[in-house]
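Protein sequence lines correspond, in order, to chains A and B. Mind the numbering: the first sequence is residues 0 to 264 in numbering that gives the first Met the number 0, read in order. Mind the numbering: the second sequence is residues 0 to 264 in numbering that gives the first Met the number 0, read in order. For glycine and all other residues, C-beta sits at the position ideal for the given N, C-alpha and C. Since the model is a prediction, treat every value here as computed from it, not as a measurement. Structure record follows, encoded as structure tokens.
2 protein chains.
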Amino acid sequence: MAPTRSEYSCGVTGAQPRLPRYREIAEELRAAIEGGEFTEGASLPSENDLSERYGVSRGTIRQTFAFLRAAGVVSSRQGARRQVLLGGPHTQPMTELVSFSRWARSVGEVPSSRTISTGIVVPSPFVAERLGLAEGDSAFHIERVRLLSGVATMVESTYYPQRLAAPLLAMDLDAESITDRLEEYGIVFVDAEHSIEAIAASDRVAILLDIDTGTPLLRSIRRTTDPVGEVLECSFDSYVGSAVAFFVRNSVAVGAVSRVKTTPR
Amino acid sequence: MAPTRSEYSCGVTGAQPRLPRYREIAEELRAAIEGGEFTEGASLPSENDLSERYGVSRGTIRQTFAFLRAAGVVSSRQGARRQVLLGGPHTQPMTELVSFSRWARSVGEVPSSRTISTGIVVPSPFVAERLGLAEGDSAFHIERVRLLSGVATMVESTYYPQRLAAPLLAMDLDAESITDRLEEYGIVFVDAEHSIEAIAASDRVAILLDIDTGTPLLRSIRRTTDPVGEVLECSFDSYVGSAVAFFVRNSVAVGAVSRVKTTPR
DNA sequence: AAGTGGTCTAGACCACTAC
DNA sequence: TAGTGGTCTAGACCACTTG
């Protein structure tokens, strides 16, 4: 039988693209969990309960749970009710993970930045390969110190493909979120790879962050791509070790993390 | 209509539980990708192609891709063919992420370990909370140095609930994989949370790892639970920073990683 | 305009859990 | 044994991309 939702197609409120039904339900459940209606370890209603309650098919409810599970909010095992996996850091990861500004605001801090240098450079082979450039091709480079409510927290050294140089040069790098502004240009970050390691602060970075040389830094090397798979940036983010951590939740079913042996570069 | 697979129920070969069809197909596709049949960025066959080729419904193929996508193997966007997201570190993360031994073998190294201490302790409130213990309750503690082909690579300090003390005491900790052995007891690790940060090596850890005090370490605090949600371990793993990194791939759709502000402990 | 992935329905059987 | 989640089918319409 055909779907019964007469309002199946997009609303014309003009606002946002409207979430699919299974996402709406996911957000309601997430809100209920964060609101304390279901505490950590509590059992959630069954799929049949929910499909009746929301007037959707069981398949839709399963989509909802697949989403919440990937987000690390619930666990499930065959035969038993699903359980809540503690609140933990709330998750809206992709955008927040890529944008320092958005993340900072989401944790209640005021983000700011101090630009150290910008310009066209010929990147190292390591970066060139990740940007998909031929050897000798140049890239646009920005180096910034990022501050959390006034405290220097990270040094960010980012390489962009040349085609992004124009919009980037037109921005006030210290005042706006690059990610937000690029989004207005229709440039969207959809996939990212992060390599997370611990390194010692170089003299240069130590001065920028106002710490001692050799202090442990948490460095994330990130490569971000757009919907078509084109590389948008390759960034080296060095965080003051004592200020930031990465948090990962994974289950047998969903695995996006792995441990790798580093080969000296 | 009912499913047409007459062999729908489990085979009786007695071997392993047999993978569901969608996983079998996923492994075939993964093998094709790793075998170079589809290179990075290549387009994959359409869902209709594959459902015909494998003689399954489109829904099953979609399950296959949901799995591969969560594993970070493929990307997808509405309207276009799915693409291969580079080989990267091969993924069988959960088990490998939890077991140092399995991981070491999977990267072609020989794992070994040197036990520093074992015993019943009253853990810190931080650990007690994570193990789900009341204040003052005791836990079983094991501290080991882990070596990769003879090189000290990590110090592992793990707390287990008391009920695991018996099986643990019966093992030869330096010779066997705890994870593997516990699995034989029917104890399975299904969910894990990792907090990843950079710290400086203490005097004690420096001696154990044969490095200088203050050297950057990559520390992962892990909490692992079984299918019912009972905590199985809380572990502090400190890796020599130059030896190991964590690798994460995430997309807008699947987010298991987040960045957190650390509060000094 | 044709093709592709995204969303949704309705119904079936199975494996496992809990009582 | 009843209930729950896991797997699978068959078919529908939609939003989006590509030629």
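Point to revise | Chain-order list of residues whose beta-carbon lies under 6 Å from that of H193/A (same chain, five-residue window excluded) | key: S219, R221
Exercise for review: Measure how close the beta-carbons of S287/A and F246/B come, nearest whole angstrom, since I'm counting them as under 8 Å.
Suggested key: This structure cannot settle anything about residue 287/A, because the visible part of chain A is limited to 0 through 264.
Practice item. Note down the Cα distance separating V83/B from E39/B, rounded to an integer number of angstroms. Key: 5 Å
Exercise for review: Pick helix, strand or coil for V247/B, following the three-state DSSP scheme.
Suggested key: strand
Exercise for review: For the beta strand (DSSP E) containing F235/A, list its first residue and its last residue.
Suggested key: 230-239
**Study point:** S112/A, buried or exposed, once every other Cβ within 10 Å from all chains shown has been counted against 16
**Key:** buried
Review point. Applying a beta-carbon distance threshold of less than 7 Å, which residues of chain A neighbour E196/B?
Key: L217, G240, A244
Point to revise | Proximal residues to N249/A (C-beta, below 8 Å), its chain only, five neighbours per side dropped | key: G71, A255, V256
Review point. What does DSSP give as the partner residues of Q161/A in its beta bridges?
Key: In the DSSP output, where bridge partners are listed per residue, Q161/A has none listed.
Check your understanding: Would you say G185/B reaches chain A, if we count a Cβ-Cβ gap shorter than 8 Å as a contact?
Key -> no
Check your understanding: What three-state label does DSSP hand P44/A in the structure shown?
Key -> coil
**Study point:** Spatial neighbours of A166/A in its chain, beta-carbon cut-off 6 Å, leaving aside the 5 residues before and after
**Key:** The displayed chain sequence assigns Pro, not Ala, to residue 166/A. So the list reads Y184, once near-sequence residues are dropped.
Review point. Count the other CB atoms within 10 Å of the CB of V154/B; is the residue buried (16 or more) or exposed (fewer)?
Key: buried
Review point. Helix or strand or just coil, what does DSSP make of S201/A?
Key: coil
Review point. In the structure shown, what three-state DSSP assignment does I32/B receive?
Key: helix
Check your understanding: Smallest Cα separation from F99/B: which of S156/B, S50/B, R162/B, L130/B?
Key -> S156/B
Check your understanding: Looking at the structure shown, is S219/A part of a helix, part of a strand, or coil, going by DSSP?
Key -> strand
Practice item. Scan the segment 38-53 of chain A for residues whose Cβ lies nearer than 8 Å to a Cβ of chain B and list them as they occur along the chain. Key: G40
Exercise for review: May I have a chain-ordered list of the beta strand (DSSP E) segments no shorter than 3 residues that lie completely inside the segment 79-123 of chain B?
Suggested key: 110-120
Exercise for review: Would you tell me roughly how many angstroms separate the C-alpha atoms of A1/B and R17/B, rounded to the nearest one?
Suggested key: Because A1/B sits at a pLDDT of 39, beneath the cut-off of 50, its placement in the model cannot be relied upon, and the point is left open.
Check your understanding: How is I210/B classed by DSSP in three states: helix, strand or coil?
Key -> coil
Exercise for review: Spell out a yes or no on whether the segment 71-80 of chain B and the segment 233-242 of chain A are touching, meaning 3 or more CB-CB pairs, one atom from each, closer than 8 Å.
Suggested key: no
Check your understanding: Any idea what DSSP makes of E190/B, helix, strand or coil?
Key -> One point to set straight first is that residue 190/B is Asp, not Glu, in the sequence displayed. Note: D190/B maps to strand in three-state DSSP.
Review point. Going by C-alpha distance, which of V109/B, D202/B, I24/B is nearest E175/B?
Key: V109/B
Exercise for review: Please report the residue range of the alpha helix (DSSP H) in which F64/A lies.
Suggested key: 57-69
Review point. Based on Cα-Cα distance, which residue from E95/A, A242/A, E128/A, A69/A lies nearest to I198/B?
Key: A242/A
Review point. Excluding the five sequence neighbours on either side, which residues of its own chain have a C-beta within less than 6 Å of the C-beta of C233/B, listed in chain order?
Key: V126, R129, L130, Y158, R222
Practice item. Name the two residues that bound the continuous beta strand (DSSP E) containing E134/A. Key: Element bounds for E134/A: n/a, residue is neither H nor E.
Review point. In the structure shown, what three-state DSSP assignment does A127/A receive?
Key: helix
Review point. DSSP puts A151/A in a beta bridge; with which residues?
Key: L146/A
**Study point:** Whether A164/A touches F188/A by CB criterion (8 Å)
**Key:** no
Review point. Should M153/A be flagged as near chain B, meaning a C-beta pair shorter than 8 Å?
Key: no
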